Amino acid sequence: MSNSSINRRNFLRVGAVAAAGLASGAAKASSSVTPTGSSAKPVIKRILGKTGIEVPVVSMGVMRADNPNILKAAYKIGITHFDTAHGYQDGRNEEMVGEFFKDKPRDSIVVATKIHPPRGGISAAKFTDMIDHSLERLKMDHVDILYLHAVDDLDYLFDERYLEALKEAKESGKTKFVGFSTHRNMAQLINAAVERPFYDVVLTSFNFRHAEDEALNDALKGAHESGMGIIGMKNMAGGWLDEDKTKAVNGKAALKWALNHPYIHTCIPGIVSYEQLMENWSVASDVSLTPDEAQSLEMASANTGMFCKGCDGCRDQCPRGLPVSDLMRSYMYNYAYSYPAKAQATVASLGVTDDPCMGCPKCTVQCSAGFDVRTRITDIARIQNVPGNFLV
Ligand code: SF4
Ligand code: SF4
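Numbering follows the numbering used here, in which position 295 of the sequence shown is assigned residue number 703; successive positions increment by one, without gaps.
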């Protein structure tokens, strides 16, 4: 179904489904915490499936944060779950998290990190070295959730080398739980993870642009019923609808939309400023969409925007085998997130040239989001030529 066919009924429907899910214990809410500041309503907390971990519905994606004072404010306000990764900011992100939390009670926080093996793959022992390196940076003897990072196909999801390393990490206490993160081909991967129990948690891309993705919604339902913890990311669908940043996504509405889904236990919006922190946290005690908020998301959905849904519809469409979805995500990092260093690192990891569409007589890729993929690929692939010290 096209974006433009998403209607008010679709946006409001999720609220009713959420209510039913919560009533059946799908994602238990508790009213045990009073939020700091914005509202007298209690913070909504949910349980991450069979892990038993209880967290506020609003958590923090630390990826782009480079100011420990934001972490400090988030911790003080009541956020307890912090998500980083081995590769973020070349390791400085984990170091910042470790430095800030080194003297805080370990049981007051839930720390998650993600590890992506280098292109070409590595042995279980090398993967374990990466885990140890992350723990060293984090100044912790364990994390709460250790993810295999950015999984996009079944071979990677069940690569025996990484399963061995993750299993060993769990058994030796380096992590309490293991999971995988995904922003492409999510439905297939989540279904597979349910069928072959190994992962405790999935961190998945999920936002209002997935409203009509029945396969993903069904997969999430199945994952929830299996007891998997489910965490949403990319909740703002890029945050901006245009490269010039004249049209913003209503972030509060987008976060509410994701959290209205009964099988999303918490979300990790990226937070880089106090304004974002306060806006996101205001959702923690009230996830109900107002009619105006629902309408703002309808309007955003009707715009092509910059968010690649990860639907995998473009797979195998390019005769040169270009990783179209990953390139579209890189485009989003650069133009929507204003994070060119991440865009460059992502493009560089794909092994494409700086002009991969050059000489191709006709683009055969039909993107379900309506992207002109050739134009965007040609634009973003050039970022490899920019010296890294010019990028942030
Ligand atoms: S224009 Fe680029 S993306 Fe499109 S088919 Fe050709 S090489 Fe592939
Ligand atoms: S078809 Fe478009 S939206 Fe879907 S994965 Fe490919 S680039 Fe992303």
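Glycine included, each C-beta is placed from N, C-alpha and C at the ideal position. Computed from a predicted model, the values in this text were never measured in an experiment.
C-alpha distance - residue i paired with residue j, whole-angstrom precision
i    : j    : result
I805 : E579 : Outside the displayed range of the chain (409 to 800) lies residue 805, so it cannot be described from this structure.
M567 : I639 : Checking the sequence, you will find Asp at residue 567 rather than Met. So the alpha carbons of these two residues sit roughly 22 Å apart.
W648 : D780 : 17 Å
L712 : C719 : Note on identity: in this sequence residue 712 is Thr, with Leu being the wrong assignment. For T712 and C719, the distance between alpha carbons rounds to 15 Å.
P795 : P769 : 31 Å
C771 : Y739 : 18 Å
T654 : L705 : 16 Å
G433 : G729 : With a pLDDT of only 39 at G433, under the threshold of 50, the placement of this residue in the model should not be trusted; the figure read from the coordinates follows. Taking the straight line joining both Cα atoms gives about 44 Å.
R592 : D734 : 8 Å
N742 : A753 : 11 Å
D511 : K547 : 10 Å
S681 : K458 : 33 Å
K629 : F606 : 18 Å
V695 : M594 : 24 Å
I530 : L456 : 30 Å
Member of the options whose CA lies at the smallest distance from the CA of residue i
i    : options                : result
G721 : L649, Q596, Q703, K660 : Q596
E687 : I672, T674, A662       : A662
V559 : G678, S613, G759, M644 : S613
Y496 : R728, L628, H557, A645 : H557
A756 : R790, R728, S776       : R790
D515 : T488, M707, E502       : T488
A692 : Y682, T674, E701       : T674
H541 : Y745, G469, D626, N501 : N501
N797 : T754, A777, P748       : P748
N562 : A601, L628, A577, L543 : It should be pointed out that residue 562 corresponds to Leu in this sequence rather than to Asn. Nearest C-alpha to L562: A601.
L543 : P727, C765, G581       : G581
D626 : E576, N599, G587, S531 : N599
A473 : K453, F490, T536       : F490
A493 : V773, K575, L611, P464 : L611
V801 : K660, K534, P731, L799 : Residue 801 lies beyond the stretch modelled for the chain, which goes from 409 to 800, so this question has no answer here.
F588 : L565, E572, A710       : L565
For residue i, the three-state DSSP class (helix, strand or coil)
i    : result
M468 : strand
E462 : strand
G506 : helix
T654 : coil
G646 : coil
I788 : helix
G729 : coil
G659 : helix
K512 : coil
S738 : helix
T481 : First, the amino acid is wrong: residue 481 is Ala here, not Thr. Note: A481 maps to helix in three-state DSSP.
Q703 : helix
I530 : coil
E572 : helix
Residue(s) in a DSSP beta bridge with residue i
i    : result
A520 : D491, I553
L611 : S589, I639
T583 : V551
T674 : I639
Residue-chain proximity (residue i, chain D), Cβ-Cβ < 8 Å
i    : result
T772 : The structure shown contains no chain D, having only a single protein chain.
Practice task
Would you list the residues whose beta-carbon is nearer than 7 Å to any heavy atom of ligand 2, in the order they occur in the chain?
Solution key: Counting every residue whose Cβ lies closer than 7 Å to a heavy atom of ligand 2, we get R592, C716, K717, G718, C719, D720, G721, C722, V732, S733, M736, C775, S776, A777, F779, V781.
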